[in-house]
Amino acid sequence: MQSFFSLAKSRRSIRSYNGASIPKHDLLRCAENARYAPSACNSEPWKFVIVDAPAQKEKIIKTVLSGTYKMNSFAQNAGAFIAIVSEKVKLPAFVGGVLRRTNFAKIDIGIACSHLVLSAQDLGIGSCILGWFNEKKLKRILKVPRSKRIELLIAFGYSTGKELPKRNLKHRNETISFNEYHKIYS
Ligand SMILES: Cc1cc2nc3c(=O)[nH]c(=O)nc-3n(C[C@H](O)[C@H](O)[C@H](O)COP(=O)(O)O)c2cc1C
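Residue numbers for the sequence shown, in our numbering: 143 to 328.
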């Protein structure tokens with residue numbers, strides 16, 4: 143079993159898939175792990191829609207990731223997708239969000255998304271989070287009510303092994319400090 147450190151470090155966005163399908167139980171495992179993600183007031187404001195049927199995948203490629211969104215057409219060989227739909231938060235999380243001028247559901251979904259992609263990595267499955275997609279068309283394909291939002295779409299698949307761009311992380315002193323916020327002057 144790999145350590146969390148090596149799991150977190152080795153996960154990268156994969157944009158070249160070999161077209162193989164992903165076993166249902168692995169997709170379920172990823173979604174199951176996402177269910178355990180923390181959420182403000184334990185609202186669990188999410189629904190994970192797993193898309194593995196070839197006909198549904200084809201519709202996504204042809205209409206949701208085309209035209210203006212074609213920068214994400216690399217997902218054409220993905221084995222599956224998971225769409226994350228945001229659901230209502232509990233009243234205290236809503237009130238707290240208004241007072242804090244934030245949206246806890248979106249934060250919660252970001253955390254759940256992290257569980258999804260790290261679980262996939264743990265199972266040897268590559269992934270790429272997609273924030274740029276035709277939401278209106280995706281709602282139609284997945285029969286998501288118009289009033290709801292699909293916050294993220296995640297592509298999953300086995301990597302072709304294509305070399306990845308070098309990781310370009312900010313220096314740790316720029317993103318981590320102890321005890322006080324340190325402004326970096328450059
Ligand atoms: C909220 C969010 C939206 C993203 N949307 C896209 C996207 O639409 N297309 C894409 O290729 N990558 C997308 N990414 C992936 C990022 O580009 C990627 O995580 C970042 O460049 C760091 O690279 P790494 O994941 O390989 O560490 C998104 C990531 C996040 C967290």
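The beta carbon of each residue, even a glycine, is placed where N, CA and C say it ideally should be.
The closest heavy atom of ligand 1 lies 6 Å or more from the beta carbon of Gly-239. Take the alpha-carbon of Val-193 and the one of Asn-321: they are about 44 Å apart. One Cα belongs to His-313, the other to Lys-325, and the distance between them is close to 13 Å. Within 6 Å of the C-beta of Leu-272 there is at least one heavy atom belonging to ligand 1. Leaving aside the five residues that flank Ile-253 on each side, the residues in its chain whose CB is nearer than 7 Å to its CB run, in chain order, Ala-179, Pro-180. A residue is called buried when at least 16 other Cβ atoms come within 10 angstroms of its Cβ; Gln-263 meets this threshold and is buried.
Between Ala-176 and Leu-258, the C-beta spacing is below 7 Å.
A direct Cα-to-Cα measurement between Pro-234 and Ser-301 gives close to 42 Å. Around the beta carbon of Ala-150, fewer than 16 other beta carbons sit within 10 angstroms, so the residue counts as exposed. Between Ser-261 and Cys-183, the C-beta spacing is not below 7 Å. A Cβ-Cβ separation of about 5 Å places Ser-185 in contact with Lys-232 under the 8 Å criterion. Shown here, Tyr-178 sits in coil according to DSSP, grouped into three states, outside any helix or strand. The three-state reading of DSSP puts Glu-293 in strand, counting E and B together.
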